[in-house]
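Report on the following structure.
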Amino acid sequence: MRIAVVPDGEGGGRLRELAADGVSEASLWRVSDLAGAIADYEKHAAESPRWVWASTDEVYPPLMEHSLRIGRCHDVALVEALLLGHQGRFGEARSLGAAWARLHGRDVPPDLAHHPGTGVVPQATLFEPDLSTLPPDVDRLAALVEVHADQQRRIAALPSPDRFALLAAVESAGALAAVEMAHVGVPWRADVHDKLLTEQLGPRPSAGARPGVLAELAERISDAFGRQVNPDSPAQLLRAFAAIGHPVPSTRSWVLRRVEHPVVPLLLRYKELARLHSANGWTWLDTWVQHGRFRPDYVVGGVVSGRWATRGGGALQIPKVVRRAVVADPDWTLIAADAGQLEPRILAAVSGDHALAAAAGSDDLYARLAGAFEGDRQRAKIGVLAAMYGQTGGDAAPLLRTMRRTFPRAMEYVDAAARAGEEGLLVRSWLGRTCPPPSPMWRRIVLGDAGSGAPDGRDGRDSDEGDPAGRAARERGRFTRNFVIQATAAEWALVFMAAVRRGLAALDPGAGVPQTVFFQHDELVLHVPRAAVDSAVEVLRGAEVETRHLLFGATEVRFPLDIAVVECYADA
DNA sequence: TTCGACTGCCAC
DNA sequence: AAACGTGGCAGTCGAA
2 MRIAVVPDGE GGGRLRELAA DGVSEASLWR VSDLAGAIAD YEKHAAESPR WVWASTDEVY
62 PPLMEHSLRI GRCHDVALVE ALLLGHQGRF GEARSLGAAW ARLHGRDVPP DLAHHPGTGV
122 VPQATLFEPD LSTLPPDVDR LAALVEVHAD QQRRIAALPS PDRFALLAAV ESAGALAAVE
182 MAHVGVPWRA DVHDKLLTEQ LGPRPSAGAR PGVLAELAER ISDAFGRQVN PDSPAQLLRA
242 FAAIGHPVPS TRSWVLRRVE HPVVPLLLRY KELARLHSAN GWTWLDTWVQ HGRFRPDYVV
302 GGVVSGRWAT RGGGALQIPK VVRRAVVADP DWTLIAADAG QLEPRILAAV SGDHALAAAA
362 GSDDLYARLA GAFEGDRQRA KIGVLAAMYG QTGGDAAPLL RTMRRTFPRA MEYVDAAARA
422 GEEGLLVRSW LGRTCPPPSP MWRRIVLGDA GSGAPDGRDG RDSDEGDPAG RAARERGRFT
482 RNFVIQATAA EWALVFMAAV RRGLAALDPG AGVPQTVFFQ HDELVLHVPR AAVDSAVEVL
542 RGAEVETRHL LFGATEVRFP LDIAVVECYA DA
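Heads up, the final residue of the first sequence is numbered 573 in my numbering, and it's a clean run with no missing numbers.
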């Protein structure tokens with residue numbers, strides 16, 4: 002059962018049950034307590050309803066304020082973006098109003114930016130802003146029902162409607178999970194974080210000033226150079242290194258590490274600490290952590306490959322050292338579950354390469370592959386990654402020859418994606434997420450579009466120097482080569498997360514309710530009452546099996562979960 | 001003063 | 001060892 006929902010912005014709203022065809026009218030009603038009505042339905046409906054709404058970002062957060070958790074939804078904006086992408090129209094406006102306008106041949110309004118504010122500061126809005134971009138005279142509910150029905154038709158007309166429907170479902174489930182995670186937050190011990198900062202940087206300085214340790218290092222660096230140098234300025238550092246007879250092409254750490262001069266260790270230390278201070282220092286702590294929780298702002302589908310992005314807070318790049326501050330509440334524990342070696346396993350599954358799939362049936366895929374690479378696990382790993390990333394430099398060439406010989410179908414899968422990219426074609430993930438088309442500029446340079454006739458001459462072997470067409474083509478080839486893997490890996494993670502979410506919701510709440518608090522590409526972190534740890538781990542294990550079968554059927558590929566039950570995230 | 005390009009480092 | 005994919009973000013520096 003699908004039910005279309007339009008909030009009225011004052012706590013109530015209108016709902017309409019959708020018949021199986023998505024169009025004909027079933028019951029329609031108006032409620033003054035939307036959260037209550039939805040909760041009733043979730044509780045009493047024979048089958049878990051799927052709520053159809055314009056955008057989870059807009060509709061779900063106010064419902065969560067009423068402690069409402071819903072099971073399933075269809076997020077019209079997210080699904081619209083997926084469908085547009087599939088048509089090669091990546092990036093076009095996706096909101097309900099835009100989809101409605103396209104249906105009616107009207108001017109398509111651009112999407113409005115969603116500004117939930119910076120993490121901890123709650124939005125003090127009197128009215129929920131309407132971001133649907135529908136014209137004011139159009140009935141919201143009627144438009145929603147119409148656009149949803151159209152989306153269902155478009156999905157049904159695709160070559161693999163079942164797969165795409167699964168994609169639409171898990172993308173929507175991800176949106177629910179993202180709102181829930183932002184609401185719950187990652188348990189974060191500000192005192193531990195502060196102590197860590199003080200140990201490394203010295204006492205907290207007054208606003209804007211350099212912490213003591215950094216200031217001292219900066220002084221010693223200037224002394225070592227024999228001139229005043231701001232170590233935060235790459236330009237000044239380049240000049241300073243040249244002046245002391247050690248010219249460097251850049252000031253990257255790995256470049257400096259090869260320079261033998263007493264200033265280098267000082268500088269490396271400075272860079273490390275300066276990074277900590279600027280990215281995850283006291284300012285970050287003040288901005289993003291409050292009441293013992295870090296609340297990042299996830300952007301579902303924010304990455305072309307379908308991975309999530311975050312807006313502010315840098316949630317997807319929390320450095321290892323800072324994870325010390327992520328500590329479970331008393332009598333609670335953290336469960337970190339990540340899918341080890343996810344991408345090569347995805348490659349094995351989607352390509353149907355039996356040799357690679359056999360290796361992917363073991364816990365350590367790379368170790369299994371070592372035999373083909375002179376017994377060297379590390380070389381096997383580089384070979385596999387080079388195949389998926391399109392690496393050609395370094396030692397990659399001989400490893401790729403081995404890959405091609407040993408895993409021909411896997412290599413052909415990624416090579417085909419790369420060729421498609423170089424020709425300006427689109428590639429898709431396993432479930433149908435589609436890469437963006439090349440830019441007009443790219444088409445001009447590589448394909449010679451827009452009048453100039455034949456493509457620029459290139460034979461694929463020339464070096465990058467002076468061959469912008471070849472360079473651009475290979476760059477896009479690497480992108481599409483990686484896209485088919487990364488995007489499918491992201492799908493695995495979404496399906497897995499949806500399965501975990503459903504499994505946790507079905508647990509007996511008597512032992513306390515486990516919460517998903519963090520998601521990072523191929524890793525899920527749960528915050529779990531001690532009494533519920535075993536059942537939560539069971540849910541995770543079951544979700545992996547379910548995900549594997551749902552995506553790949555009876556494959557021999559395994560997706561082993563590394564599950565760590567810890568007090569502190571740094572110990573995972 | 002504001003803005004964007006650029007550099008560099010963090011995560012997967 | 002350092003050209004290999006997706007990103008976010010802070011800082012510098014020159015242009016508007």
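Each residue gets a CB set at the ideal place from its N, CA and C atoms; glycine is no exception.
DSSP on residue i, reduced to helix/strand/coil?
{"i": "Gln291", "result": "strand"}
{"i": "Arg17", "result": "strand"}
{"i": "Phe226", "result": "helix"}
{"i": "Gln342", "result": "coil"}
{"i": "His75", "result": "strand"}
{"i": "Val187", "result": "strand"}
{"i": "Ile564", "result": "strand"}
{"i": "Glu11", "result": "coil"}
Do residue j and residue i come within 8 Å of each other at the CB atom, strictly closer than that value?
{"i": "Ala349", "j": "Ala419", "result": "no"}
{"i": "Val249", "j": "Val256", "result": "yes"}
{"i": "Arg103", "j": "Ala78", "result": "no"}
{"i": "Arg51", "j": "Gly362", "result": "no"}
{"i": "Val53", "j": "Val6", "result": "yes"}
{"i": "Tyr299", "j": "Ser352", "result": "no"}
{"i": "Leu427", "j": "Trp493", "result": "no"}
{"i": "Val148", "j": "Pro62", "result": "no"}
Got a sec? Which residues, its chain only, sit under 6 Å from residue i by beta carbon, not counting five neighbours each side?
{"i": "Ala473", "result": "Trp443, Ile446, Val447"}
{"i": "Ala326", "result": "Trp189, Arg190, Val193, His194"}
{"i": "Ser28", "result": "Glu18"}
{"i": "Lys382", "result": "Tyr367"}
{"i": "Ala544", "result": "Phe497, Ala500, Val501, Gly504"}
{"i": "Asp287", "result": "none"}
{"i": "Ile156", "result": "Pro162, Phe165, Ala166"}
{"i": "Asp140", "result": "none"}
{"i": "Asp76", "result": "Thr57, Ser173, Ala176"}
Closest by CA to residue i, which one among the options?
{"i": "Gly314", "options": "Thr334, Gly282, Val328", "result": "Gly282"}
{"i": "Gly10", "options": "His262, Arg406, Asp131", "result": "Asp131"}
{"i": "Pro409", "options": "Pro530, Val385, Val260, Thr57", "result": "Val385"}
{"i": "Ala387", "options": "Asp377, Arg402, Arg477, Ala373", "result": "Arg402"}
{"i": "Ala360", "options": "Arg308, Arg369, Ile222", "result": "Arg369"}
{"i": "Gly307", "options": "Val7, Ala20, Asp523, Leu541", "result": "Asp523"}
{"i": "Leu525", "options": "Ala537, Ala533, Ala532", "result": "Ala537"}
{"i": "Thr489", "options": "Met182, His105, Gly433, Asp108", "result": "Gly433"}
{"i": "Val566", "options": "Pro8, Asp138, Asp416, Thr334", "result": "Thr334"}
{"i": "Arg1", "options": "Leu562, Glu375, Asp572, Pro469", "result": "Since the first and last residues shown for the chain are 2 and 573, residue 1 lies out of range."}
{"i": "Ala398", "options": "Ala421, Ala170, Ala417, Phe374", "result": "Phe374"}
{"i": "Val185", "options": "Thr556, Glu557, His528", "result": "His528"}
{"i": "Glu200", "options": "Gly209, Ala208, Val214, Ser207", "result": "Val214"}
{"i": "Arg324", "options": "Gln152, Leu113, Asp572", "result": "Asp572"}
{"i": "Ser279", "options": "Arg228, Arg205, Gly395, Val514", "result": "Arg205"}
Might you give, ordered along the chain, the residues of its own chain that have their beta carbon closer than 8 Å to the beta carbon of residue i, omitting 5 neighbours on each side?
{"i": "Lys272", "result": "Pro232, Ser254"}
{"i": "Arg549", "result": "Thr556, Val558, Arg559, Phe560"}
Once you ignore the five residues that flank residue i on each side, which residues in its own chain have a CB closer than 7 Å to its CB?
{"i": "Thr252", "result": "Pro235, Leu238, Leu239"}
{"i": "Gly92", "result": "Pro437"}
{"i": "Gly391", "result": "Ala419, Gly478, Arg479, Arg482, Asn483"}
{"i": "Asp330", "result": "Pro188"}
{"i": "Asp377", "result": "Ala371"}
{"i": "Val328", "result": "Pro188, Arg190, Val193, Glu568, Cys569"}
{"i": "Asp332", "result": "Pro530, Arg531"}
For residue i, does the count of other Cβ atoms within 10 angstroms reach 16, so buried, or fall short, so exposed?
{"i": "Gln487", "result": "buried"}
{"i": "Pro111", "result": "exposed"}
{"i": "Ala158", "result": "exposed"}
{"i": "Gly302", "result": "buried"}
{"i": "Pro212", "result": "buried"}
{"i": "Gln88", "result": "exposed"}
{"i": "Trp285", "result": "buried"}
{"i": "Trp30", "result": "exposed"}
{"i": "Ser207", "result": "exposed"}
{"i": "Glu172", "result": "buried"}
{"i": "Thr517", "result": "buried"}
{"i": "Gly1", "result": "Given a span of 2 to 573 for the chain in the structure shown, any question on residue 1 remains unanswerable."}
{"i": "Ser68", "result": "exposed"}
Is residue i near the ligand ZN, judged by its Cβ being under 7 Å from some heavy atom?
{"i": "Gly14", "result": "Looking at this structure, you won't find the ligand ZN or any other ligand, since it has none at all."}
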